Every structure is written in structure tokens, then in C-alpha cells.
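Q: First the structure, then my questions, so here it is.
In my numbering, the protein residues as written are 347 to 739.
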């Protein structure tokens, strides 16, 4: 279980001792997994591996799950739903929990919904108001079901890159099929109008929207923003992952990649529990790294590999802000530690372990400092960028 209020209960002000009671997965949260057999481990330990660093104090920006942490990756902020219906607001008990689990019984009325509790907060330190913190659908295609979050109008890192004329794109696995981009790179639904022919499309699709059955709508953070609505100039920056791989293949003599690329694999290849396997996701990660390292882009490209959130797993390292732990923190996070890998030809040594505290917005801060962009919010203004590993220039 990885949701907004639940993770704060699990962290227990830095004691890290409620991951089992605060989860529907109970004992699985304490699992131990030997990663040495994974394709990415083998890739990084082969004789000709690229120079890489492990950031061992890298935390997810916000408490909770994928939706909110994708938002923090692009906007360093929590989305809002002004005037959200009461039915969409969470209700938490005296321990800050919005529901019961096999090993936890709520102490009062609870409701686990998409939006924070109504103000004033019933538990000190727990966020309240009209903030979307758990999975909710975007206002624009592609989306699946309801409720849908009203279009967001805040500034994103994409807006800043475009304003500065820095080339960039968000490449998502399965995007062309889901967005109805017939014939575009990544489109796999043939040329018969009105028919989604790919056998792994979602049940009962409405052509031309032919999403993969495990396409993750809430993993497309920019699709929640008005500046990236269908028909806007910003929409042209939302592309399919197949196009990214195609650009690496055409980069034999000169790198064809944009200055900034975000790559989000489709559900079958993103290592997320529940709808894919660790090995399949790791295989795909190696494919992406091999594509970059096998092109001219390898000479001047910094690659950051990380995860949106902790997947519900226990960790012993206390995040900044918990029990007075040093580091940048606020009412939104950071949450539990997550893996982070940095690949760059300019690293000092073949393998580096970095012990500086970072969170997901450190990626945003790195981009801002590299291209002279203003901070989006107070968090990315204060957080450490990745220059402790490598200073991108």
C-alpha cells in the first residue's frame, strides 16, 4: 500500500515501524529481495559498463503513490481541486489513517479518497484542503473513468523549458495508442479506421483511443495541465517512447536526442508491482541504457534512473523532516527512500556512491541549474541538485 496518509502513518515520525500495520500487504512490506540476478545488476557489473553513481539518500518527493510523485517530478507541487465535492475528500482517524487494514482498525469514521481531508485538520501536521493526493484521472484523453481532476494551471518544468527554447519531450510507452495518434511512432493498431487491432489493447476501446490494457493514465503528469491540452503547442512535447528509441538508433554519428528527455515505460515494462515483473522491467531498463550507450549520445548525456515511489516497502533510512532529520521537507514530504542511479561519462571513477540527501525534485533542480531556469516552487528552490554526483554543464 502506498497512499498519502497511509505512508505518513507508516513512517511514524521517523520511527519507520508501522509499514506492516499500515498496509493491506502486511508482511510483504518487510520482504528481502536479492537483486544480484537482475539484468540491471549484471549490466552495471560487466567489464565494459558505463560510469555510474548510486544516490543512497534519494527520497520520493511526496508521501504516497505514483500519481502525486509524478506531479512533483514535473511541477514540484501538489495539484489542487478548488471546491472539490465532499465525497472526494478523505476522512482520517486520530492516528491519521483513512481506512482499516488486516492489522489496523480505524479509531473512528474514515474515508480514503482522492483529495485531502477538509480543513481544519483533525490531526496535527496532516494536510487538509482541496489538494489531490491520491490517484485521480486527468481531464483530457487519454483517461479512464472518473473522477477527473480539473485542468491544472500551474507552471511545470516543461513550460519553463519551452519558454527558454530548450528542446525537450516526455516519452511515454504506449502513448500513441492511448492518445489516438494514428500512424505515429509507437502506434500498433493497424490502418483499419474504427478498429483497435492490437490484441493487448484495453477491453472495449473507442477508436482511435486504443490504450494498452496496462497503460497507466495517472503516470502521465503533463496531461493534467491546460498548457498541454489536445490542440495546444505544448501537446507536441508529449510523445511515444518508441520515438525516443528511434532517435537513439539514428544517433550513430551525432546525437539526435532533445536537450531534456523524460522516458516513462508502459506498465508491462516499468517494474510496478501488480501488473509486471521485476525482471521484465529491468530488461527494458537495460534496453534503454544500451540504446543511449550505443549511440553518439553517450559522450555528453547524463541519465538519471529512479522510481516514482517506494511501492509500499519498508526502509530503515529516515526521510528529511521526520523526527527532526536534517533536510528540506514540508507537509507533502519527502517520503520513503527510493533507488536512484546516475549514468554519466564525466563521473569521477567508474562507480560512485553519493550520500547527499536528495528527493525527486532534485532532478527538476538539476535541469533548472543546467539551463538557467527559475525554481518552480520553494521545494526545488531549496533542495540539493545532483551536482554532488556530477555538475551538468
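Note that the Cβ used here is the ideal one computed from N, Cα and C, for glycine as well. Note that the structure is predicted; figures quoted are calculated from it, not measured.
(1) Pull up the distance between the alpha-carbon of residue 399 and that of residue 575, whole angstroms please.
(2) Is the region 458-475 touching the region 541-553 in the sense that three or more CB pairs, one from each, lie closer than 8 Å?
(3) Give the C-beta separation of residue 655 and residue 673 to the nearest angstrom, bearing in mind that I take them to be a contact with Cβ-Cβ under 8 Å.
(4) Quick one: using the 10 Å Cβ neighbour count with 16 as the cut-off for buried, is residue 451 buried or exposed?
(5) In the DSSP assignment, find the unbroken alpha helix (DSSP H) run with residue 626 in it and report its ends.
(6) Locate the alpha helix (DSSP H) running through residue 364, then write down its first and last residues.
(7) Looking only at C-alpha atoms, which of 486, 591, 730, 376 sits nearest to residue 701?
(8) Would you kindly report the start and end of the unbroken alpha helix (DSSP H) that includes residue 418?
(9) Cutting at 8 Å between CB atoms, please list the residues of its own chain near residue 446, excluding the five before and the five after it.
(10) Excluding the 5 residues preceding and the 5 following residue 373 in the sequence, name in chain order all residues of the same chain whose CB lies nearer than 7 Å to its CB.
(11) DSSP three-state call for residue 603: helix, strand or coil?
(12) What number of angstroms, rounded off, separates the C-alpha of residue 467 from the C-alpha of residue 479?
(13) What are the uninterrupted segments assigned as beta strand (DSSP E) that are 3 or more residues long and contained completely in the region 488-531, given in chain order?
(14) Comparing C-alpha positions only, which one of 577, 641, 520, 676 sits nearest to residue 612?
(15) Please name the residue in 580, 595, 518 whose C-alpha comes closest to that of residue 560.
(16) Would you grab the beta carbon distance between residue 440 and residue 514 for me? Rounded to a whole angstrom, and I think it's under 8 Å.
(17) Going by DSSP, what residue range makes up the alpha helix (DSSP H) through residue 594?
(18) With 16 other CB atoms within 10 Å as the buried threshold, where does residue 584 fall?
(19) Give me the DSSP bridge partner(s) of residue 403.
(20) May I ask you to verify whether the region 389-407 touches the region 693-710, counting CB pairs closer than 8 Å and requiring at least 3?
(21) Say whether the region 677-697 touches the region 390-399, bearing in mind that this needs 3 or more beta-carbon pairs closer than 8 Å, one atom from each stretch.
(22) Can you have a look at residue 483 and say buried or exposed, based on whether 16 or more other CB atoms are within 10 angstroms of its CB?
(23) Using the C-alpha atoms, what's the distance from residue 504 back to residue 536?
(24) Within 10 angstroms of the Cβ of residue 509, are there 16 or more other Cβ atoms? Answer buried if so, exposed if not.
A: So, from the listed chains and residues:
(1) Stepping through the chain shown from its first residue, residue 399 is reached at position 53. Stepping through the chain shown from its first residue, residue 575 is reached at position 229. If you take the alpha carbons of residue 399 and residue 575, they lie about 37 Å apart.
(2) no
(3) As a working mapping, residue 655 is identified with position 309 in the chain shown. As a working mapping, residue 673 is identified with position 327 in the chain shown. Not a contact, Cβ separation roughly 18 Å.
(4) As a first step, residue 451 is located in the chain shown; it is residue number 105 there, counting from the start. By the 10 Å Cβ count, residue 451 comes out exposed.
(5) Counting from one through the chain shown, the residue named residue 626 turns up at place 280. Run containing residue 626: 624-639, per the alpha helix (DSSP H) assignment.
(6) The residue labelled residue 364 in the question sits at position 18 within the chain shown. Unbroken run through residue 364: none, as it is neither H nor E.
(7) As a working note, residue 701 is residue 355 in the chain shown. The candidate whose alpha carbon is nearest that of residue 701 is 730.
(8) Your numbering for residue 418 matches position 72 in the chain shown. Element bounds for residue 418: 412-421.
(9) Along the chain shown, read from residue 1 onward, the residue named residue 446 stands at position 100. These residues qualify, in order along the chain: 452, 456.
(10) Numbered from its first residue, the chain shown carries residue 373 at position 27. Once the five neighbours on either side are set aside, the close Cβ partners of residue 373 are 366.
(11) For the purposes of this step, residue 603 is taken as the residue at position 257 of the chain shown. Correct three-state label for residue 603: coil.
(12) Looking up residue 467 in the chain shown gives position 121. Looking up residue 479 in the chain shown gives position 133. So the two alpha carbons sit approximately 15 Å from each other.
(13) 514-518
(14) To locate residue 612, count along the chain shown from 1; it is residue 266. Of the listed residues, the one whose Cα sits closest to residue 612 is 520.
(15) Start at 1 with the first residue of the chain shown, and residue 560 comes out as number 214. Residue 560 has its Cα closest to that of 518, out of 580, 595, 518.
(16) To locate residue 440, count along the chain shown from 1; it is residue 94. To locate residue 514, count along the chain shown from 1; it is residue 168. Actually they are not in contact, since the Cβ atoms of residue 440 and residue 514 sit about 46 Å apart, beyond 8 Å.
(17) By 1-based counting over the chain shown, the position of residue 594 is 248. Residues 587-595.
(18) Walking along the chain shown from the start, residue 584 turns up at place 238. The residue in question, residue 584, is buried, as its Cβ has 16 or more Cβ neighbours within 10 Å.
(19) The count along the chain shown starts at 1 and reaches residue 403 at position 57. In the DSSP output, where bridge partners are listed per residue, residue 403 has none listed.
(20) yes
(21) yes
(22) Residue mapping note: residue 483 aligns to position 137 of the chain shown, counting from 1. So residue 483 counts as buried.
(23) For the purposes of this step, residue 536 is identified with residue 190 of the chain shown, where counting begins at 1. For the purposes of this step, residue 504 is identified with residue 158 of the chain shown, where counting begins at 1. Those two C-alpha atoms are separated by around 31 Å.
(24) The count along the chain shown starts at 1 and reaches residue 509 at position 163. Its Cβ having fewer than 16 others within 10 Å, residue 509 is exposed.
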